[in-house]
Amino acid sequence: TVAQVNRPVVLYLFSTHFSERAPIEPVLAEDPANLAASPAGPLPVDHYLGGPLYPWSIARTDNGITQRREQAIEAVAGALCALPPAARGRIVGINVLGEVHHLYPDFEAGMGYGSPYVLTDYSAASRQGFARYLRQRFGSVQALNAYLGARFGDFAQVEPPAKDIRRQPLDHYWQHIDATAAGSVPVGGWVHDAELPPGGTAWVRVYLDGALAARVPAHFVRQDVADAKPELGTARVGWRYDLRYAGLPTGRHRIDVALERATPAGPRLLQLGTRHVAVMDRSQAAPRPVPLTEPLPPMAQPDARVAFWLDSPADDQSLYYNPLVPLWHAFREQQVVAYLEHFDQLLGHGCLAGVPRNTQQIYPAEQAGWDESRFASAQSLQPFGHLGLGINLYGEATWDGSFFDWLARSRQPGYSVTEFHPLRAMSATELRQVLERHREHGARTLSFFLHPPGADGSVPNPFALDPANPAHGSDALYRAMQQVLERP
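Per my numbering, the very first residue in the sequence shown carries number 9; after that it's consecutive.
Here's what the structure looks like:
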């Protein structure tokens, strides 16, 4: 307990969609007001790593799940405030709730662009909140209509977009939504060039209608590729570029992808593929070919030293931009922040008010295959209110420079690593270097899962650092962390 441990304490007030198998969970799940809603209604109880996952709503704070969380936090805070000041002074940080973001069906595997695009929250409370958000942002329905090119008579007529124009009849165009309706389409895949030295990064060029649109590194970890092709010797082969198409003219556009290969005479381009995308108008008229804006540079065919695959976009994928969709996503992001702020304000009173408080958010921003709009957590990763950034880092995000690049762009003055697991074994020397790098970049605290073994000696959490847990190198990481802490 806090009173018995003579060390600094970071307090986790953990309450999230991951089940703790508490008796109250199935009872709360019987009330639809507690559950996130898709357009078809409240989500059913899901599963994650063999256990229940409860799709609790974060769209409102007047429901039962929120009230029970408030009661639990107030009870814990009351007990802590009854401790002697010296013991209470050991609390150096509070992590609030755990991961807070919107949910979607098939949570364990449904975060990618290839999954059906089903979002939350479409409850009555959320629909009404969206209308209020639009009124506050635009002031008048006339201003909203001018922005959308619509003819709504009142804000109450504006519904969150919830239908796919390809599969469902629409009453009007602004009901359309899919993974690209916000105006961007991911161009991505993986590539490995055996001509590069070990650890070298391949660079990919993306051309749109003949003009260079982007140059991106192939540095994301693709464990699926490493498992299928162990001969590559690395998982850092993924790349992605989000192509903004909203401002493009309607028609059939050409996308070309090329690998750069350095030569004494300059970069040589190896063609990785060509895709076409159809930027559609609201009438769904047949798209006409768009001419190249400039000639493509010479490209050779890749040789046997290059392994690659172009995941997206699909050839001749149709793209329908709905300007209401970015507004819907922004509102959903605001809901995430508002729910966190609600509990921040709850803790902002009493004896714990002066203890620094952090979020404990998921980090989907730089994942090559994840669709961040399903989580709607981007705004909660930026500075807001009195909550500091707490972020869960797994895999390459724990040790790769891409996280620190993102951190620099986020404008965060510091951060806490609220869950940490490299998903591979490390020596004590390598782990110490990783931890020092986080400290140099402003990390205040770093936490990882430790669980007492079950009655049969098993470790219940596959991501727990434990000498009896071989999953993801957890046993080796436990020993490495033990050595680091013995000689700080």
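Backbone N, C-alpha and C define an ideal beta-carbon position, used for all residues, glycine too.
Since this is a predicted model, take the numbers as computed values, not measurements.
Buried or exposed (CB count within 10 angstroms, at least 16 for buried), W317: exposed
Inter-residue Cα distance where the pair is D408 and V53: 35 Å
A219 in three-state terms, based on DSSP: strand
Where the alpha helix (DSSP H) through I6 begins and ends: Because residue 6 is not part of the residues shown, which for the chain are 9 to 496, the question remains open.
Candidates L439, M119, Y249: closest to W5 by CA position: One cannot answer for residue 5 here, as it falls past the ends of the chain, which runs 9 to 496.
Residue span of the alpha helix (DSSP H) that contains S3, given as start and end: Here the chain covers residues 9 to 496 and nothing more, so residue 3 does not appear.
Where W407 falls: helix, strand or coil (DSSP): coil
Residue from Y253, L348, R440, A451 whose Cα sits closest to the Cα of H110: L348
Local Cβ density within 10 Å of Q368, reported as buried at 16 or more and exposed below that: buried
Status (buried if at least 16 other CB within 10 Å, exposed otherwise) for G398: buried
Alpha helix (DSSP H) runs wholly inside the stretch 120 to 196, at least 4 long, in chain order: 132 to 146, 149 to 156
Alpha-carbon spacing of P310 relative to N103, whole angstroms: 49 Å
Collapsed DSSP secondary structure at A451 in the structure displayed: strand
Nearest-angstrom Cβ-Cβ length linking R260 and P295, presumed shorter than 8 Å: 5 Å
Short Cβ contact (8 Å threshold) for Q276 with R269: Reading off the sequence, residue 276 comes out as Arg, not Gln. Against a cut-off of 8 Å, the Cβ pair of R269 and R276 comes out as a contact.
Own chain residues within Cβ distance below 7 Å of Y62, not counting five before or after: H25, S27, E33, A37, V53
Member of S388, D129, K237, P331 whose CA lies at the smallest distance from the CA of E107: S388
Per-residue DSSP class, three states only, for Y249: strand
V195 versus D186, V212, Q231, residue with shortest Cα-Cα distance: V212
Cβ distance (whole Å) where G197 is taken to contact D319 below 8 Å: 4 Å
Three-state secondary structure (DSSP) of P306: coil
L395 vs E427 beta-carbon contact at 8 Å: no
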